[in-house]
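Here the working numbering is used: the first residue of the sequence shown is 1362, the next is one more, and so on.
A virtual CB, placed ideally from N, CA and C, is assigned to each residue, including glycine.
Here is the structure we will look at.
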Amino acid sequence: MASEKNFSLQGKIALVTGASYGIGYAIAKGMAAAGAKIVFNDIKQEFVDKGLASYKADGIDAIGYVCDVTDEDAVNAMVATIEKEVGVIDILVNNAGIIKRIPMIEMKASEFRQVIDVDLNAPFIVSKAVIPSMIKKGAGKIINICSMMSEFGRETVSAYASAKGGLKMLTRNIASEYGQYNIQCNGIGPGYIATPQTAPLREPQADGSKHPFDSFITETKTPAGRWGDPEDLAGPAVFLASTASDFVNGQILYVDGGIQAYFGKQPG
Ligand code: NAP
Ligand code: GCO
């Protein structure tokens, strides 16, 4: 039976990529509350500093590193520094991500590649950097932040859906290849969450009315009838980071207010 202890992250070191704010920050905050030591990265020192200030204000003694997750040398150097200064990474959350909303036939190949680089190549790079020490330690948890677009397409997000679909399969492949070393790799598939990434989809119209996409999400697609809050993801992330999920491997846990189950609000 899962006891309180099983959901504890006491004594664990968690690296959450791109966690100065948004979903990564909320997941890191939840893991800290469960006892984890938080390390995070962002591309710019100014964002790392802003993140550190937020963590401090929330009573979390986090450590921040400047690192572009698409740069393999920089990632390897960051992981080596963390292992030297803090310790072996027990929990990796591949959270850093970007989106470009452009009709496919108008999207440049370089723009497509940029999204794939951050949202798919980077989780490969960072996972590859942390797995050897997890093998030596005899345990590890990797959580990839997938998406509704790991399952669905929609207009203008061809690169993002391709990356997040690939990330779902990378999750399953890491689970398959490294499960024998007591490493569990799972995904979290958030629904539509209110963060800077989705702010353009919630921007009120010039006349003060709701953005049509905002209404689409809250009135047609989401049974919960609301946007998710980043904090809605913290509990599922703590579960997947804890020993309570040691026999869960290769799964994508959708935290979407019911979107995946719902055909959509019927007319009339
Ligand atoms: P966000 O507000 O845009 O934050 C993304 C974070 O990733 C930022 O801290 C950003 O840093 C960082 N980042 C981007 N590129 C990076 C790079 N090359 N190296 C290091 N850090 C990088 O996004 P979010 O909404 O919190 O989303 C976080 C994750 O959840 C993403 O993977 C996203 O695809 C996924 N997701 C979001 C939603 C949603 O509805 N919001 C739903 C499903 C999945 P900078 O600020 O310095 O760029
Ligand atoms: C979009 C949104 C979504 C969310 C998320 C949904 O433009 O459709 O940005 O992609 O970010 O991925 O799960």
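G1540 versus C1546 - alpha carbon distance: 8 Å
Whole beta strand (DSSP E) elements within the segment 1406 to 1447, 3-residue minimum: 1424 to 1427
Segment contact, 8 Å Cβ cut-off, at least three pairs: the segment 1566 to 1584 with the segment 1521 to 1537: no
CA nearest to the CA of I1399, picked from Y1615, M1465, D1419 and F1485: D1419
Heavy atom of the ligand GCO within 8 Å of R1587 beta-carbon: no
T1517 and R1462 closer than 9 Å at C-beta: yes
Q1545 - partner residues in DSSP beta bridges: K1502
Limits of the unbroken alpha helix (DSSP H) element including Y1386: G1383 to A1394
Inter-residue CB distance, G1501 and I1492 (contact presumed, cutoff 8 Å): 7 Å
Exposed unless 16 or more other CB atoms sit within 10 angstroms - verdict on M1465: exposed
CA nearest to the CA of D1478, picked from S1488, V1430 and G1618: V1430 is the residue among S1488, V1430 and G1618 whose C-alpha sits nearest the C-alpha of D1478.
Under the three-state DSSP convention, the category N1482 falls into: helix
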